[in-house]
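Below is one structure, written out as structure tokens; the observations come after it.
Number of protein chains: 2
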Amino acid sequence: MASAALKDELDIVIPTIRNLDFLEMWRPFFEQYHLIIVQDGDPSKTIKVPDGFDYELYNRNDINKILGPRSSCISFKDSACRCFGYMVSKKKYIYTIDDDCFVAKDPSGKDINALEQHIKNLLCPSTPNFFNTLYDPFREGADYVRGYPFSLREGVPTAVSHGLWLNIPDYDAPTQLVKPLERNTRYVDMVLTIPKGTLFPMCGMNLAFDRELIGPAMYFGLMGDGQPIGRYDDMWAGWCCKVICDHLGLGIKTGLPYIYHSKASNPFVNLKKEYLGIFWQEEIIPFFQSHNFSKDCTTVQKCYVELSKQVKEKLGKVDPYFLKLADAMVTWIEAWDMLNPPNKDSANASSK
Amino acid sequence: MASAALKDELDIVIPTIRNLDFLEMWRPFFEQYHLIIVQDGDPSKTIKVPDGFDYELYNRNDINKILGPRSSCISFKDSACRCFGYMVSKKKYIYTIDDDCFVAKDPSGKDINALEQHIKNLLCPSTPNFFNTLYDPFREGADYVRGYPFSLREGVPTAVSHGLWLNIPDYDAPTQLVKPLERNTRYVDMVLTIPKGTLFPMCGMNLAFDRELIGPAMYFGLMGDGQPIGRYDDMWAGWCCKVICDHLGLGIKTGLPYIYHSKASNPFVNLKKEYLGIFWQEEIIPFFQSHNFSKDCTTVQKCYVELSKQVKEKLGKVDPYFLKLADAMVTWIEAWDMLNPPNKDSANASSK
Numbered sequence: 000m001a002s003a004a005l006k007d008e009l010d011i012v013i014p015t016i017r018n019l020d021f022l023e024m025w026r027p028f029f030e031q032y033h034l035i036i037v038q039d040g041d042p043s044k045t046i047k048v049p050d051g052f053d054y055e056l057y058n059r060n061d062i063n064k065i066l067g068p069r070s071s072c073i074s075f076k077d078s079a080c081r082c083f084g085y086m087v088s089k090k091k092y093i094y095t096i097d098d099d100c101f102v103a104k105d106p107s108g109k110d111i112n113a114l115e116q117h118i119k120n121l122l123c124p125s126t127p128n129f130f131n132t133l134y135d136p137f138r139e140g141a142d143y144v145r146g147y148p149f150s151l152r153e154g155v156p157t158a159v160s161h162g163l164w165l166n167i168p169d170y171d172a173p174t175q176l177v178k179p180l181e182r183n184t185r186y187v188d189m190v191l192t193i194p195k196g197t198l199f200p201m202c203g204m205n206l207a208f209d210r211e212l213i214g215p216a217m218y219f220g221l222m223g224d225g226q227p228i229g230r231y232d233d234m235w236a237g238w239c240c241k242v243i244c245d246h247l248g249l250g251i252k253t254g255l256p257y258i259y260h261s262k263a264s265n266p267f268v269n270l271k272k273e274y275l276g277i278f279w280q281e282e283i284i285p286f287f288q289s290h291n292f293s294k295d296c297t298t299v300q301k302c303y304v305e306l307s308k309q310v311k312e313k314l315g316k317v318d319p320y321f322l323k324l325a326d327a328m329v330t331w332i333e334a335w336d337m338l339n340p341p342n343k344d345s346a347n348a349s350s351k
Numbered sequence: 000m001a002s003a004a005l006k007d008e009l010d011i012v013i014p015t016i017r018n019l020d021f022l023e024m025w026r027p028f029f030e031q032y033h034l035i036i037v038q039d040g041d042p043s044k045t046i047k048v049p050d051g052f053d054y055e056l057y058n059r060n061d062i063n064k065i066l067g068p069r070s071s072c073i074s075f076k077d078s079a080c081r082c083f084g085y086m087v088s089k090k091k092y093i094y095t096i097d098d099d100c101f102v103a104k105d106p107s108g109k110d111i112n113a114l115e116q117h118i119k120n121l122l123c124p125s126t127p128n129f130f131n132t133l134y135d136p137f138r139e140g141a142d143y144v145r146g147y148p149f150s151l152r153e154g155v156p157t158a159v160s161h162g163l164w165l166n167i168p169d170y171d172a173p174t175q176l177v178k179p180l181e182r183n184t185r186y187v188d189m190v191l192t193i194p195k196g197t198l199f200p201m202c203g204m205n206l207a208f209d210r211e212l213i214g215p216a217m218y219f220g221l222m223g224d225g226q227p228i229g230r231y232d233d234m235w236a237g238w239c240c241k242v243i244c245d246h247l248g249l250g251i252k253t254g255l256p257y258i259y260h261s262k263a264s265n266p267f268v269n270l271k272k273e274y275l276g277i278f279w280q281e282e283i284i285p286f287f288q289s290h291n292f293s294k295d296c297t298t299v300q301k302c303y304v305e306l307s308k309q310v311k312e313k314l315g316k317v318d319p320y321f322l323k324l325a326d327a328m329v330t331w332i333e334a335w336d337m338l339n340p341p342n343k344d345s346a347n348a349s350s351k
């Protein structure tokens with residue numbers, strides 16, 4: 000099971016490719032998969048894809064054509080546009096990675112097949128209801144420890160696999176400014192489930208998920224061109240996904256696999272994008288921490304639409320941006336359902 | 000700070016010493032500390048302690064003499080008796096370890112100074128309110144990642160440091176029987192805070208805590224001689240401590256340091272001790288998961304006494320054992336306060 004490559008069930012979504020070495024480096028691991036490239040900037044520029052890759056490429060014009068007025072929910076000139084790729088995919092699983100992320104090496108010096116580890120993570124259950132001190136009990140050589148209730152040992156389906164980064168850590172602008180030279184060199188050989196009721200900062204650099212289980216909640220919000228904020232796209236998606244997974248009994252894992260994050264983005268540019276988020280997240284986190292879904296919320300879509308209403312009601316007071324975001328959340332679901340109609344063969348969690 | 004040895008502020012509590020090599024092996028790391036040995040079996044047998052160690056030894060006769068009728072709360076012929084040592088200590092910190100736990104080696108082959116790592120864990124804050132994907136943000140080379148709310152970055156005081164075990168994993172009897180050859184060989188180079196609201200199975204083999212912050216909740220229950228259950232002493236303490244820490248805004252960390260657990264206990268004997276616990280924990284866990292303290296519970300003692308009432312009320316139905324345990328919990332607090340009067344110099348959390 001864990002060694003399955005899922006060739007026909009997984010798409011790789013890449014927000015853009017500025018670095019020509021990127022795909023060459025990943026060739027041994029990515030070549031067998033279908034790529035969806037969502038170009039984040041000027042549509043007149045051409046993205047070069049090396050020979051041998053099976054891919055589809057969408058630029059802004061394509062997004063506008065496919066979604067019509069609903070394209071307003073997809074960010075422009077920001078890597079948040081990648082979520083359009085999640086929507087147009089017809090596969091069960093998605094892996095998304097940034098073009099400044101390269102193949103990392105494990106402590107023995109061997110290249111890490113990040114995708115293989117994500118697939119392992121997604122194919123075995125999560126354990127959000129009780130912490131296991133030897134971490135993922137489904138990993139070879141590990142199990143549930145003494146005192147772990149037997150009724151909880153089946154676990155729950157895994158919806159998200161959050162991978163980490165060696166070299167440049169995913170710090171915010173203030174931390175980047177204070178610690179410009181800090182590098183993550185610690186390889187922590189571990190995967191764990193983030194417990195139920197606990198929020199985490201989900202990074203979109205090296206992320207895999209099950210579209211059928213959680214796809215409609217994997218919306219990366221309104222960032223970039225025309226928006227007051229950036230670099231909160233993956234965070235927003237992570238907070239929404241976490242509360243929905245907790246409600247629906249799904250799991251989110253974090254830890255392995257590592258990629259090698261090659262270059263730090265400019266902390267001054269980042270600060271400009273982030274500074275409103277630094278204030279706003281002080282309101283956003285309590286909002287998500289105290290959030291409860293009604294009993295009617297039996298699908299991801301229903302959860303997401305209800306969440307959008309509460310964003311409007313409770314976060315709209317923080318800044319008018321959240322009124323716009325709440326509307327975009329609804330538009331996103333409409334667009335998702337348009338491209339993934341509930342009666343289609345590919346069973347979508349929303350159609351159950 | 001992190002390199003402080005806390006020589007005058009930490010006692011090592013050992014439930015018994017059957018293995019003469021045990022203290023010799025730990026000599027370089029333990030010799031500077033005061034040991035409290037609580038003999039778990041026949042008081043007429045003599046425990047040999049090698050020269051050069053500073054220790055006090057308590058057998059059953061001593062416990063009876065010191066606590067009088069309240070000695071009924073201390074288990075006999077079971078390593079759960081170790082909690083008497085927590086009570087008689089006058090130090091701020093406790094480290095407790097089993098006599099079949101030896102010095103482990105890190106991946107570079109170096110002996111691990113378990114106590115030093117526990118002290119590091121206890122001296123820097125915990126982060127129970129939000130998960131940090133690079134784990135302990137206070138560790139060298141790590142920090143809070145992007146998206147971690149700044150208002151939560153001070154963390155909370157750390158009350159408990161739960162260390163792990165290489166070689167023989169801490170499995171229950173059924174898992175031991177199914178996987179007799181499984182060994183834990185994975186060194187996970189990591190410490191993390193167990194999030195608020197999440198229970199975990201706390202193992203007493205390799206455990207450190209801050210007596211002033213959480214001592215009165217570190218009661219190992221009624222096990223062994225005359226009791227229907229064993230091997231749930233540390234679990235019970237862990238569940239009580241976790242809900243109290245969550246309520247009082249204290250943290251519990253797990254992960255490093257490792258010790259080398261040398262020998263598996265007999266799974267058939269273990270099954271006999273455990274089997275009632277295997278049923279009961281299916282009721283115990285929901286009890287703790289749904290537990291809430293009243294606002295009056297501002298000290299560990301007050302929390303613990305309130306908890307004992309609810310144990311009586313809600314778990315008493317499961318088995319009369321819990322009625323006895325609930326009474327013993329109250330007796331334990333009385334005995335604790337007798338030996339650690341609130342007005343003493345050594346500031347106890349209860350006296351604040």
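Residue numbers (numbering that gives the first Met the number 0), protein chains in the order written: chain A, 0 to 351; chain B, 0 to 351. Every residue gets a Cβ at the ideal spot worked out from N, C-alpha and C, and that includes glycine.
Can you check whether the C-beta of residue i is within less than 8 Å of a C-beta belonging to chain B?
i: A:F292; result: no
i: A:H260; result: no
i: A:M189; result: yes
i: A:P124; result: no
i: A:E115; result: no
i: A:F21; result: no
i: A:Q365; result: No information on residue 365 of chain A is available, as it lies outside the stretch 0 to 351 that chain A covers here.
i: A:R185; result: yes
i: A:T219; result: Just to set this straight, residue 219 of chain A is Phe in the shown sequence, not Thr. Chain B contact via Cβ: absent.
Given a cut-off of 8 Å on the beta-carbon distance, is the pair residue i and residue j in contact?
i: A:Q110; j: A:S261; result: The amino acid occupying residue 110 of chain A in the given sequence is Asp; Gln does not appear at that position. Taking 8 Å as the Cβ cut-off, A:D110 and A:S261 do not qualify as a contacting pair.
i: A:E8; j: A:Y92; result: yes
i: A:V37; j: A:Y54; result: no
i: A:L151; j: A:F137; result: no
i: A:P285; j: B:R145; result: no
i: A:I360; j: A:C244; result: Absent from the structure is residue 360 of chain A, since the part of chain A shown begins at 0 and ends at 351.
i: A:L198; j: A:W238; result: yes
i: A:A327; j: A:K311; result: no
i: A:L191; j: A:Y257; result: no
i: A:S125; j: A:V155; result: yes
i: A:A172; j: A:L275; result: no
i: B:G203; j: B:T298; result: no
i: A:S78; j: A:P127; result: no
Grab the span of the alpha helix (DSSP H) containing residue i for me, first residue to last.
i: B:N63; result: R59 to L66
i: B:K259; result: Before going on, a small fix: residue 259 of chain B reads as Tyr here, not Lys. Unbroken run through B:Y259 is the beta strand (DSSP E), G250 to H260; no alpha helix (DSSP H).
i: A:N120; result: A113 to L122
I'd like to know if residue i contacts chain A, where contact means its C-beta is closer than 8 Å to some C-beta of that chain.
i: B:L5; result: no
i: B:P49; result: no
i: B:H33; result: no
i: B:F149; result: yes
i: B:D142; result: yes
i: B:T330; result: no
i: B:P14; result: no
i: B:E181; result: yes
i: B:T132; result: yes
i: B:G146; result: yes
Kindly indicate the opening and closing residues of the beta strand (DSSP E) around residue i.
i: A:Y92; result: Y92 to I96
i: A:V37; result: H33 to V37
i: A:D209; result: N205 to D209
i: B:I13; result: L9 to I13
Contact between the region 112-123 of chain A and the region 155-173 of chain A is defined here as three or more beta-carbon pairs at a separation below 8 Å; is this criterion met?
yes
Please list the residues of the region 163-178 of chain A that have a C-beta atom closer than 7 Å to any C-beta atom in chain B, keeping them in chain order.
L163, P168, D169, Y170, D171, T174 and K178
Which residues, in order along the region 192-208 of chain B, keep a beta-carbon less than 8 Å from a beta-carbon of chain A?
I193, P194, K195, G196, T197, L198, F199, P200, M201 and C202
When Cβ atoms are compared, which residues of the region 231-265 of chain B fall closer than 7 Å to chain A?
M234 and T253
Mind the definition here: the region 324-334 of chain A touches the region 67-75 of chain A only if three or more C-beta pairs lie below 8 Å; say whether that holds.
yes
Check whether the region 212-230 of chain A touches the region 74-85 of chain A, taking contact to mean three or more Cβ pairs, one atom from each stretch, closer than 8 Å.
yes
Output, in sequence order along the chain, the residues in the region 262-286 of chain A whose CB is closer than 7 Å to any CB in chain B.
I277, Q280, E281 and I284
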